[in-house]
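Trainee:
Protein chains: 2
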Amino acid sequence: MSQAQTLTAVQSNPFAKGCAWQDGDYVPIAEAKISVLDWGFTKSDVTYDVVHVWDGAFFRLDDHLDRFLRSVDALRMTLPVDRAGLAAILHGCVARSGLRESYVAMVCTRGLAKPGLPRHPANCENRLIAYAIPWVWVMDEEMQARGAHLVISSVPRIAPESVDPTVKNYHWGDMIRAQFEATDRGADNAVLLGPDGTVAEGPGFNIFALIDGKMVCPDHGALEGVTRQSVLDLCAEIGVPTEVRPLHPDELLEADEVLTCTTAGGVMPVSRVNERIYHNDRPGPVSAKLRELYWKKHKEGWHATPVDYGDN
Amino acid sequence: MSQAQTLTAVQSNPFAKGCAWQDGDYVPIAEAKISVLDWGFTKSDVTYDVVHVWDGAFFRLDDHLDRFLRSVDALRMTLPVDRAGLAAILHGCVARSGLRESYVAMVCTRGLAKPGLPRHPANCENRLIAYAIPWVWVMDEEMQARGAHLVISSVPRIAPESVDPTVKNYHWGDMIRAQFEATDRGADNAVLLGPDGTVAEGPGFNIFALIDGKMVCPDHGALEGVTRQSVLDLCAEIGVPTEVRPLHPDELLEADEVLTCTTAGGVMPVSRVNERIYHNDRPGPVSAKLRELYWKKHKEGWHATPVDYGDN
């Protein structure tokens, strides 16, 4: 297609701004909604996962499906489709949107209470929603190039004993407070410590610190991120040893490099934490190399599942 | 109106199952929805309050408005209307529903991210939703008559340092786990301890224990419930001393009586906590008296604001 033809196709596609699947139908993203009475809203009784599409292919789709199905099970919810059906819905959302780079979410809410039964999560009709929207950067590209400025938040992360962070969830009250605190303190974003005082995670990202030549990431109190696993895999590939263990904030501040990672952004280097400036205020060499390799390997088809765009 | 006329009126009223206000319009409750991209959903970045209507009148409306406005402010959100405008919307929802007994909610979500700005809670369009639906009992009337059976949950309440429980919120992940645990253990519901091991609250209710003739309720780690205040007021009226202080679970188990209280249920006595059976497995005399008085005073117009039903 010519550029003009492409433009016309995008303008005439009702799913160009995003496509959602709900209750058996594909709808434009603006119509994807949940009832104000859904327990997924009124009690944040919901789990989700996000997989990205880059250059027309899902990245580590199986890992995201595995984690989502585990999360649904952990919350004692049930899906209306099986694993293959779920994958087909995700392909269907991306295909209709026509997006080559996309943020693709699958969400299971507890749903509406069934009438006439006691108020209990077991007495609700669980609901699946999925959608593909244009790519979202957790940190914009300029920020990634100069390295993010973080602060260690005074707000502790919700304890794992209260809400299991390995079951991906929308309990972000602590993260939101930390984000306001970060901008109040002149930073881009925050990293939160767990109730035990060790490093947990930031709003939507895992964290790594390069200490004595080893890439260290926390072993508890955080989501077991798929991109975190990618960083561990890439470190093995380039011969950087890794350690998954409790990470103290003092170690973070004394580290040689710090990076964050997430599905909606990949490997994102950090240049400052609190008053500490790393590597002349720019991404360190190991972080920069990991970021470059992460995207280079995408082009090479690493863990890629091509989207079934049908006729497109 | 005759009973037949009333029935016809209810059947022909599109708001009979509930009426919501959103984006400037009143809509049937089934149409009250939020986008799956609203941060109030995807980050549970939302606050709310619930006031009840009994026999055609709001109960303690000013207290609920006060708390909601404080909560909105604490989360650095802004409402599209002032206090009087908000009250008018609540009246409008109840009036259109025609409900004489109603659960009336006001909800402020962080809203959708404004396009082209960094992902930050300050860069969102806050959204107000309000609705009136038919009365909801947190514990059904039969349960209230025999006394609820509670267990002390093994899941700790989210720490106040992470998410402020005095800002009414939808972070219920811990509560949901506790509710499943309660039914697994053969009980009706659960009470959660805070991270410090003292009694916090249950899913949607505050808790009181009668100890040495005094009604004791926790001083921290829980919502400062409006019904909790009503119980304190009623205790003063009938000459039962009260104490607001840390409450240890051992004291709860050794208490003479235990009760729960909430807007969606009033004063609800407890007959069992774990293996402990209180007062021959039935509500104790002080709890029963408080429950009776709570509803008797409703009939007498205590803290009542009659709903403006207009022509109805």
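Those protein sequences? They're chains A and B, same order as listed.
Final position of the first sequence in this note's numbering is 312; the numbers increase by one with none missing.
Final position of the second sequence in this note's numbering is 1312; the numbers increase by one with none missing.
Just so it is clear, CB atoms sit at the ideal spot from N, CA and C, and this is done for glycine as well.
Kindly indicate if chain A contains any beta-carbon less than 9 Å away from that of B/W958.
Mentor: This structure does not reach residue 958 of chain B, given that chain B is present from 1001 up to 1312, and the question cannot be answered.
Trainee: Check for me: the beta strand (DSSP E) holding B/I1207 runs from which residue to which?
Mentor: 1206 to 1211
Trainee: At a Cβ cut of 7 Å, what residues of the stretch 1143 to 1173 of chain B count as close to chain A, listed as they run along the chain?
Mentor: Considering only beta carbons, the part of the stretch 1143 to 1173 of chain B lying closer than 7 Å to chain A consists of V1155, P1156, R1157, I1158, A1159, E1161, S1162, V1163, N1169, Y1170, H1171, W1172, G1173, in chain order.
Trainee: State the CB to CB distance for the pair B/V1051 and B/L1061, rounded to an integer number of angstroms; the pair is presumed to be in contact (CB under 8 Å).
Mentor: At roughly 6 Å, the Cβ-Cβ gap stays under 8 Å, so B/V1051 and B/L1061 are in contact.
Trainee: What's the C-alpha gap between A/D188 and A/L150?
Mentor: 6 Å
Trainee: Within this structure, are the beta carbons of A/V53 and A/V104 separated by less than 9 Å?
Mentor: yes
Trainee: Using a Cβ-Cβ cut-off of 8 Å (strictly less than) and excluding sequence neighbours within five positions of A/K214, which residues of its own chain qualify?
Mentor: V240, P241, T242, E243
Trainee: From which residue to which residue does the alpha helix (DSSP H) around B/M1143 run?
Mentor: 1141 to 1146
Trainee: Please decide whether A/H120 counts as near chain B, where near means a Cβ-Cβ distance under 9 Å.
Mentor: yes
Trainee: Is there a Cβ of chain A sitting closer than 9 Å to that of B/F1180, yes or no?
Mentor: yes
Trainee: For B/I1133 and B/W1021, which I take to be in contact (beta-carbon distance under 8 Å), what is that distance rounded to the nearest angstrom?
Mentor: That belief does not hold up - the Cβ atoms of B/I1133 and B/W1021 are roughly 13 Å apart, past 8 Å.
Trainee: For A/W39, is the classification buried or exposed, using 16 other Cβ atoms within 10 angstroms of its Cβ as the cut-off for buried?
Mentor: buried
Trainee: Consider the Cβ of A/K114: report whether some Cβ of chain B lies at a distance smaller than 9 Å.
Mentor: Residue contact check for A/K114 against chain B: no CB pair falls below 9 Å.
Trainee: Contact check, B/L1210 vs B/A1200 under 8 Å by CB: the rounded distance?
Mentor: 19 Å between Cβ atoms; not a contact.
Trainee: Using alpha carbons as the reference points, say which of A/I277, A/G301, A/I176, A/H303 lies closest to A/G147.
Mentor: A/I277
Trainee: Go through its chain and collect everything with a Cβ distance to A/G194's Cβ below 6 Å, but skip five positions before and after it.
Mentor: R157, A200, G221
Trainee: Find the nearest neighbour of A/A122 within the set B/I1129, B/E1181, B/R1272, B/P1115, judged by alpha-carbon distance.
Mentor: B/E1181
Trainee: Within the 9 Å Cβ cut-off, does B/S1044 reach chain A?
Mentor: yes
Trainee: According to DSSP, is A/N123 helix, strand or coil?
Mentor: helix
Trainee: I need the DSSP call for B/N1013, collapsed to helix, strand or coil.
Mentor: coil
Trainee: At 4 residues or longer, what runs of the alpha helix (DSSP H) sit wholly inside the stretch 1060 to 1112 of chain B?
Mentor: Uninterrupted alpha helix (DSSP H) stretches at least 4 residues long and entirely within the stretch 1060 to 1112 of chain B occur at 1061 to 1074, 1083 to 1097, given in chain order.
Trainee: Nearest to A/D140 by alpha carbon, out of A/P269, A/I176, A/L79?
Mentor: For the residues A/P269, A/I176, A/L79, the minimum Cα distance to A/D140 belongs to A/P269.
Trainee: Looking at the unbroken beta strand (DSSP E) that takes in B/Y1048, where does it start and where does it end?
Mentor: 1046 to 1054
Trainee: Could you tell me the distance, in whole angstroms, from the CA atom of A/D219 to the CA atom of B/T1305?
Mentor: 54 Å
Trainee: For A/R272, list the residues DSSP reports as bridge partners.
Mentor: A/H149, A/I277
Trainee: For B/L1247, I'd like the list of residues in its chain whose CB is within less than 8 Å of its CB, leaving aside the five on either flank, ordered along the chain.
Mentor: Here the set comprises T1198, V1199, I1207, A1209, V1216, C1217, P1218.
Trainee: Does the beta carbon of A/F208 come closer than 9 Å to any beta carbon on chain B?
Mentor: no
Trainee: Since A/L290 and A/L259 should fall inside the 8 Å C-beta cutoff, what is the C-beta to C-beta distance between them, to a whole number of angstroms?
Mentor: 7 Å
Trainee: Rounded to whole angstroms, what is the Cα-Cα separation between B/A1178 and B/S1162?
Mentor: 19 Å
Trainee: For a cutoff of 9 Å on Cβ pairs, would you count B/P1195 as touching chain A?
Mentor: Closer than 9 Å to the CB of B/P1195 there is at least one CB belonging to chain A.
Trainee: Could you check whether the Cβ of A/N312 sits closer than 9 Å to any Cβ belonging to chain B?
Mentor: Unreliable placement is indicated for A/N312, whose pLDDT of 46 sits below 50; the coordinate value is still reported in the next sentence. Cβ-Cβ to chain B under 9 Å: no for A/N312.
Trainee: Does chain A have any CB closer than 9 Å to the CB of B/M1175?
Mentor: yes
Trainee: Measuring alpha carbon to alpha carbon, tell me which residue in A/E257, A/G173, A/V81 is nearest A/D212.
Mentor: When only C-alpha atoms are compared, the closest one is A/E257.
Trainee: With a threshold of 7 Å on Cβ separation, who are the neighbours of A/L75 within its own chain once the five nearest residues in sequence on each side are excluded?
Mentor: T47, V167
Trainee: Have a look at B/M1015 and A/A130 and give me their C-alpha separation to the nearest angstrom.
Mentor: Residue identity check: residue 1015 of chain B is Phe in the sequence provided, not Met. Going from the Cα of B/F1015 to the Cα of A/A130 covers about 30 Å.
Trainee: Can you find a C-beta in chain A that's less than 9 Å from the C-beta of B/G1040?
Mentor: yes
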